[in-house]
Structure formats: C-alpha cells, structure tokens
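When we follow the numbering used here, the leftmost residue of the sequence shown carries the number 0, and every step to the right adds one.
Note that beta-carbon positions come from the ideal geometry of N, C-alpha and C, so glycine has one too.
These figures come from a predicted structure and were not determined experimentally.
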Amino acid sequence: MRSLRPRSSELVRPQDAPSARPTLRRDAHLPGRGGPAGRLQGCGKVKQEKLDWLADNPFVTKRFAFFVGRRCRTMTIRDVAEETRLDWKTIKALDCEYMREQLRRAGKPRPGVIGIDEISIRKGRVYRMVVSDLERHRPIWFGGKDRSEESMDAFYKELGPTKSKKIRLIWTKSSIPQSDFHAIFQVRPWRI
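Okay, here's the thing in structure tokens:
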C-alpha cells in the first residue's frame with residue numbers, strides 16, 4: 000500500500016515546468032489547505048522551498064525590484080507607483096531592497112580623502128552629517144544628531160580604528176570639532 004505522504008522528489012518536478020527554473024507545485028493530497036510545502040517521509044518535517052529569483056516581496060521578482068529601484072533613482076516614488084500601478088509602500092519597500100543590494104555590491108568603505116557636510120532636515124536648525132568618499136565619489140555615511148563631536152565620533156566608531164587612521168585629508172566647509180584625529184583639514188570658504 001502506498002503512503003499518502005509525498006516523497007521529497009514529488010514536490011518539485013522539473014520536467015513539468017515550462018522552463019528550467021525550479022518551481023513549486025501545490026500539493027493537493029496534503030491534509031488541510033495544501034500549499035508550496037510538503038512533509039518529508041523520513042522525518043515528517045515540512046519542507047518549504049526558497050526561490051532565489053523572487054524578491055523579499057513574494058509577489059514580484061528580483062528583476063522587477065531592480066527595475067523599480069533604477070526608476071526611483073530618477074523619479075519620485077509616487078511617479079513610479081503610478082507608472083507600475085502599485086501602492087507607494089510597495090514601491091518604497093522595493094526601492095529599499097534595491098538600495099541594500101547596491102550597498103552590498105559597493106563593499107565596505109576604505110576612504111583616504113573624505114568630505115564632510117551637514118544638511119538641514121527641517122526647520123529649527125536640525126542637521127545631519129553626510130560623509131562622502133571623495134576618491135570614489137560616493138556617500139559612505141549619513142547620520143548623527145547634530146553638528147557635534149559626538150556625531151562624528153559615531154562615524155569613526157562605525158568605520159573602525161584602522162580605517163579611520165588611513166584618512167589623509169578631510170574636506171569640509173565648516174569647522175567640525177574633531178578629537179584626537181590626525182588628518183589634514185581643508186576648510187573651504189563659504190560661497191553663495
């Protein structure tokens with residue numbers, strides 16, 4: 000007599016798939032709702048398969064998530080949402096996934112020459128620090144609570160002591176207080 004439990008080889012059958020990509024089949028003979036999972040015969044545990052071509056949002060592919068991320072580089076989130084006919088929260092989540100992947104591909108920063116600037120985020124003199132790697136032309140840190148020494152110490156702490164010592168030149172437009180730091184400061188004059 001044949002067992003009602005599917006074997007692990009019955010869950011995914013590539014010969015039934017229209018392409019060579021791994022697919023999931025709904026298992027109709029499982030008790031309950033049946034879904035993209037099945038009980039393994041030996042141990043009785045549930046096997047859930049992960050499709051690596053799906054994004055974090057299971058309803059879209061990684062390719063579409065990267066398309067949305069590239070569109071968000073030049074357009075607003077609202078415009079991309081109207082173009083793709085998706086909710087702006089979904090677009091924001093896909094854009095965040097795209098940015099995380101871009102940061103992963105860029106690797107850890109090893110700056111030699113940095114530029115420090117502050118930006119106002121709202122009225123009332125509320126600032127955040129932006130640190131950029133001037134040799135690679137990309138921002139490497141955004142944060143802090145104000146324009147204080149503690150905010151810059153958070154950057155150096157995140158960067159690490161060995162990478163902080165390799166910074167040769169700091170280019171800034173205002174005098175940002177620095178403690179026990181041995182780089183050359185270049186203060187550029189204020190221009191309108």
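Inter-residue spacing [alpha-carbon to alpha-carbon] between ARG137 and SER131: Rounded to the nearest whole angstrom, the C-alpha separation of ARG137 and SER131 is 6 angstroms.
Express the C-alpha separation of GLY68 and GLU82 in angstroms, rounding to a whole number. Cα to Cα, GLU82 sits roughly 13 angstroms from GLY68.
Tell me the residue span of the beta strand (DSSP E) that contains THR171. Per DSSP, the continuous beta strand (DSSP E) segment holding THR171 begins and ends at 168-171.
Does the beta-carbon distance from PHE99 to TRP87 come in below 8 angstroms? Per the sequence shown, residue 99 should be read as Arg rather than Phe. At the C-beta level, ARG99 and TRP87 stay beyond 8 angstroms of one another.
Buried or exposed, going by whether 16 or more other CB atoms sit within 10 Å of the CB of VAL125? Under this definition VAL125 is an exposed residue.
For CYS71, does the count of other Cβ atoms within 10 angstroms reach 16, so buried, or fall short, so exposed? Flag for CYS71 reads buried.
Determine the extent of the alpha helix (DSSP H) in which GLY68 is found, giving its start and end residues. Unbroken alpha helix (DSSP H) run through GLY68: 61-73.
Tell me whether PHE154 sits in a helix, a strand or coil according to DSSP, three-state version. In the structure shown, PHE154 sits in a helix (DSSP, three-state: H, G or I).
By Cβ distance below 7 angstroms, which residues in the same chain neighbour ALA153 in space, the five residues on each side in sequence not counted? GLY142, GLY143, listed in sequence order.
When you compare only the Cα positions, how much space is there between ARG104 and MET128? The straight-line gap from Cα to Cα measures roughly 23 angstroms.
Using a threshold of 8 angstroms, state whether the C-beta atoms of ILE115 and THR73 are closer than that. It is not a contact, given that the beta carbons lie outside the stated cut-off.
Contacts around SER119, its chain only, beta-carbon distance under 8 angstroms, and the 5 residues preceding and following it disregarded: Cβ within range, chain order: VAL125, TYR126.
Return the Cβ separation of PRO139 and PRO108 in integer angstroms, given the expectation that the two are a contact with Cβ distance under 8 angstroms. A small fix is needed here, since residue 139 is Ile in this sequence, not Pro. The pair is a contact, with the Cβ atoms about 4 angstroms apart (cut-off 8 angstroms).
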